[in-house]
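Participant: I have a structure here, written as structure tokens, and I will follow up with some questions on it.
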Amino acid sequence: MQGCRLLTAMLFMAILVQPQDTASRAQNPSNGENPKSTTTPGTLSPEKRKLALSMLRTSETEARGLPPDLRCYALAQVARGYARIQSPRAAPVFADAFASSYGLDPFLSKSKLQSDILSQLFPLNETKVMELLPGAEKGPRETIMLKLVRRDIHTKKLDEAAELMEQMSQWTEFPYGEGSELMKTFPSEESWRRGVLFSRALACFAGHGYQERKQLQGNDEFAEMIVSNWRSLPAGSVEQAIDEVLKQAKQNTNHRYMSLPASEGESVNFDSVYQLRLFQLLPILQQLNKTKAERILQDEQLMGGLLSKYPKGPESLFPEAQNAALKNRVSTGTPSSVSTMPLPGLGLFDKLQAETKRIIASAAEDPAQALAQAQTLPVQIKFLAGYFPIRADALRGIAIASLKSKPSVAKQAITDMVDTTLELTEPSDQVFQLVEAARLSLELGDVDRAKSALESATSKANDAVKKDE
Numbered sequence: 116m117q118g119c120r121l122l123t124a125m126l127f128m129a130i131l132v133q134p135q136d137t138a139s140r141a142q143n144p145s146n147g148e149n150p151k152s153t154t155t156p157g158t159l160s161p162e163k164r165k166l167a168l169s170m171l172r173t174s175e176t177e178a179r180g181l182p183p184d185l186r187c188y189a190l191a192q193v194a195r196g197y198a199r200i201q202s203p204r205a206a207p208v209f210a211d212a213f214a215s216s217y218g219l220d221p222f223l224s225k226s227k228l229q230s231d232i233l234s235q236l237f238p239l240n241e242t243k244v245m246e247l248l249p250g251a252e253k254g255p256r257e258t259i260m261l262k263l264v265r266r267d268i269h270t271k272k273l274d275e276a277a278e279l280m281e282q283m284s285q286w287t288e289f290p291y292g293e294g295s296e297l298m299k300t301f302p303s304e305e306s307w308r309r310g311v312l313f314s315r316a317l318a319c320f321a322g323h324g325y326q327e328r329k330q331l332q333g334n335d336e337f338a339e340m341i342v343s344n345w346r347s348l349p350a351g352s353v354e355q356a357i358d359e360v361l362k363q364a365k366q367n368t369n370h371r372y373m374s375l376p377a378s379e380g381e382s383v384n385f386d387s388v389y390q391l392r393l394f395q396l397l398p399i400l401q402q403l404n405k406t407k408a409e410r411i412l413q414d415e416q417l418m419g420g421l422l423s424k425y426p427k428g429p430e431s432l433f434p435e436a437q438n439a440a441l442k443n444r445v446s447t448g449t450p451s452s453v454s455t456m457p458l459p460g461l462g463l464f465d466k467l468q469a470e471t472k473r474i475i476a477s478a479a480e481d482p483a484q485a486l487a488q489a490q491t492l493p494v495q496i497k498f499l500a501g502y503f504p505i506r507a508d509a510l511r512g513i514a515i516a517s518l519k520s521k522p523s524v525a526k527q528a529i530t531d532m533v534d535t536t537l538e539l540t541e542p543s544d545q546v547f548q549l550v551e552a553a554r555l556s557l558e559l560g561d562v563d564r565a566k567s568a569l570e571s572a573t574s575k576a577n578d579a580v581k582k583d584e
């Protein structure tokens, strides 16, 4: 552990070299002069590149002598430094960092480190990522697979996207959201392909069942898949899918108290997931099998009154222009407008993880609202033998999502992220979050903020060294 402090300081310097070189020229013009330069903006001079490589090589050597958890993190940071200066060493060092994660506790930092490593390695060497993927935890593996699926849909490689979805359904939940997007991409004359894909999604949803879905921490996007595509699917398949969704929703005995806003300022209230699914799917069932829908409504008289007022379910709540966003929030089961009471059958840790993911995902649509919601999360939660920095993770995700689209929100998220680290228990968590804050600040071109975060990280790293000595 004696070399950890030196490793950290050298690594921070290497990460800072490129942005500092570029930003200093931008922030200190020579009184209207335009001095000649042998480098272009965003590149290193030969001297600084040589210095950075020297520091990174030394840091890499020290990192390889650290215990597995620190080795994994340190090698990943070294590889990131190599990537910043476009060194061919980046990909193999990322791969070595990933290999160092195999022995880590899956309930602590393993998944987060693997996800970071694979995401950084993906644009450098996709083939290597695919080689490493079988050894990844479920979360990082799913993230990479979804990235491939979305790319294939975007580039119109529809068969490849469908095949990847089929592979995913063998070990995790079917990607219903991406599946819905793929169905809309199929040519109109190939409607049979929509039916085949929907049948696979239904088989996965029904095959897992409610109890297994809880173990998989699966999502509820299948209901939205039905709502978005039912008109272009065989009526029998849609009816079967509605039956399965309602059956599983009825098995969910956890009480959730939810309210969805209506366009006139009123609220539509539910006290169970089953009621929410009825409101969402019965308008469709009424058009496919009116007798069955009426039979259900005989047992759910309150729902009958609600659907009399809002005959199209969620589509009646808002004008069509706003309906897509509303439907997406409804399908998750934890929309921003929903007040969810503690669930007796769902652990607090799982609930907070799901809420964190939802907030980060919503940042693409409304980063300011996501930022406000992140502040309602606890700073950290103790789970098993460790602490998890829930709020800082959410703020980091929001900053990443809004770097280009809303820099002002990203800047505030980074500020809040730094403030939150002061309340974290573990120095290692503080160091990780502060280094990430520095990295994101550099991407915004805020060198002073990055320096401040790095100085704080160095101090916290020294605390970590003292704690382990």
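For the sequence shown, counting from 1, position 31 maps to 146 in this note's numbering; every step adds exactly one.
The C-beta atom is built at its ideal place from N, Cα and C for all residues, glycine as well.
On a predicted model such as this, the values are computed, not experimentally measured, just so you know.
1) Over the uninterrupted beta strand (DSSP E) stretch that includes F547, give me the two end residues.
2) L348 and R309: beta carbons closer than 8 Å?
3) Scan the segment 377-427 and note each continuous alpha helix (DSSP H) run of 4 residues or more that stays entirely inside, going in chain order.
4) Short of 8 Å in beta carbon distance, which residues of its chain neighbour I513, apart from the five on each side in sequence? Order them along the chain.
5) Taking DSSP as the reference, what is the three-state secondary structure of I474?
6) Taking the beta carbon of D386 as the centre, do at least 16 other beta carbons fall within 10 Å, making it buried, or is it exposed?
7) May I ask which residues mark the beginning and end of the alpha helix (DSSP H) holding K519?
8) Would a C-beta distance cut-off of 8 Å place Q229 and P255 closer than the cut-off?
9) I'd like the span of the alpha helix (DSSP H) that includes S352, first residue to last.
10) How would you write the range of the alpha helix (DSSP H) that K243 sits in, first residue to last?
11) So who's on the other strand from I496, going by DSSP bridges?
12) Quick check on H58: buried or exposed, where buried means 16 or more other Cβ atoms within 10 Å of its Cβ?
13) Going by beta-carbon coordinates alone, are I341 and L400 separated by less than 8 Å?
14) So is R392 buried or exposed if we call it buried at 16+ other beta carbons inside 10 Å?
15) Suppose contacts are defined by Cβ-Cβ distances below 8 Å. Is S226 in contact with E252 by that definition?
16) Can the beta-carbon of A191 be found closer than 8 Å to that of D231?
17) For K575, is the classification buried or exposed, using 16 other Cβ atoms within 10 angstroms of its Cβ as the cut-off for buried?
18) Give the DSSP-derived three-state secondary structure of E296 in the structure shown.
19) Who are the near neighbours of D211 in its chain, counting only those whose CB is closer than 6 Å to its CB and skipping five residues on each side?
20) Is the beta carbon of T535 sitting closer than 8 Å to the one on A553?
21) Going by the CB atoms, is the gap between L239 and I259 shorter than 8 Å?
22) Determine the extent of the alpha helix (DSSP H) in which R164 is found, giving its start and end residues.
23) Is it buried or exposed for G218, if we count other Cβ within 10 angstroms and need 16 for buried?
24) Hey, out of V550, D531, L555, I505, whose CA is closest to L518's CA?
25) State the Cα-Cα distance for the pair C319 and V208, rounded to the nearest angstrom.
26) Compute the beta-carbon to beta-carbon distance between S295 and S343, rounded to the nearest angstrom, for a pair I have assumed lies under 8 Å.
27) Output needed for I268: all residues of its chain with C-beta closer than 8 Å, excluding positions within five of it in sequence on either side, in chain order.
28) Note down the Cα distance separating D414 from L421, rounded to an integer number of angstroms.
29) Alpha carbons only, please: which of G250, W345, Y188, K163 is nearest the one belonging to D544?
30) Taking all protein chains shown into account, do 16 or more other C-beta atoms lie within 10 angstroms of the C-beta of P504, making it buried, or fewer, making it exposed?
31) CB-CB under 7 Å to Q416, same chain, minus the five flanking residues each way: which ones, in chain order?
32) Helix, strand or coil: how does DSSP classify G284 here?
33) Of the residues N384, V533, E246, which one's Cα is nearest the Cα of E569?
34) Any idea what DSSP makes of R511, helix, strand or coil?
Facilitator: Walking through what the data contain:
1) No beta strand (DSSP E) contains F547, which is instead part of the alpha helix (DSSP H) from 542-558.
2) Yes, they are a contact pair.
3) Counting whole runs of 4 or more residues, the segment 377-427 contains the alpha helix (DSSP H) stretches 388-403, 405-414, 416-424.
4) Cβ within range, chain order: I474, I475, A478, P482, A485, L486, A489, V524, A525, A528.
5) Correct three-state label for I474: helix.
6) By the 16-neighbour rule on beta-carbons within 10 angstroms, D386 is exposed.
7) Premise fails: K519 is in no alpha helix (DSSP H) and is neither H nor E.
8) Less than 8 Å separates the beta-carbon of Q229 from that of P255.
9) S352 -> alpha helix (DSSP H) spans 350-366.
10) Boundaries of the alpha helix (DSSP H) harbouring K243: 241-247, taken from the DSSP string.
11) As a beta-bridge residue in DSSP terms, I496 pairs with F503.
12) The first residue shown for the chain is 116 and the last is 584, placing residue 58 beyond what the model contains.
13) No. Outside cutoff.
14) Burial of R392 is indicated by the presence of at least 16 other C-beta atoms within 10 angstroms of its C-beta.
15) E252 sits close to S226, with the two beta carbons spaced by under 8 Å.
16) D231 sits close to A191, with the two beta carbons spaced by under 8 Å.
17) With 16 or more Cβ atoms within 10 Å of its Cβ, K575 is classed as buried.
18) The answer is helix: DSSP assigns E296 an H, G or I state.
19) Around D211: L190.
20) Using a Cβ distance threshold of 8 Å, T535 and A553 do not count as a contacting pair.
21) No, they are not a contact pair.
22) Counting along the chain, the alpha helix (DSSP H) containing R164 begins and ends at 161-178.
23) With fewer than 16 other Cβ atoms within 10 Å, it is exposed.
24) Here the closest residue by C-alpha is L555.
25) Taking the straight line from one Cα to the other gives about 38 Å.
26) That pair is a contact at about 5 Å.
27) Taken in chain order, the residues that qualify are A276, E293, E296, L297, T300.
28) Answer to the nearest angstrom: the Cα atoms are 14 Å apart.
29) Out of G250, W345, Y188, K163, Y188 has the C-alpha closest to the C-alpha of D544.
30) P504 should be labelled buried.
31) Around Q416, the same chain offers no residue with a beta carbon nearer than 7 Å, after the five sequence neighbours per side are excluded.
32) This sequence places Ser at residue 284; Gly is not what is there. Note: S284 maps to coil in three-state DSSP.
33) Glu is not the amino acid found at residue 569; the sequence shown has Leu there. Taking L569 as reference, the option from N384, V533, E246 with the minimal CA-CA separation is V533.
34) Reduced to three states, the DSSP call for R511 is helix.
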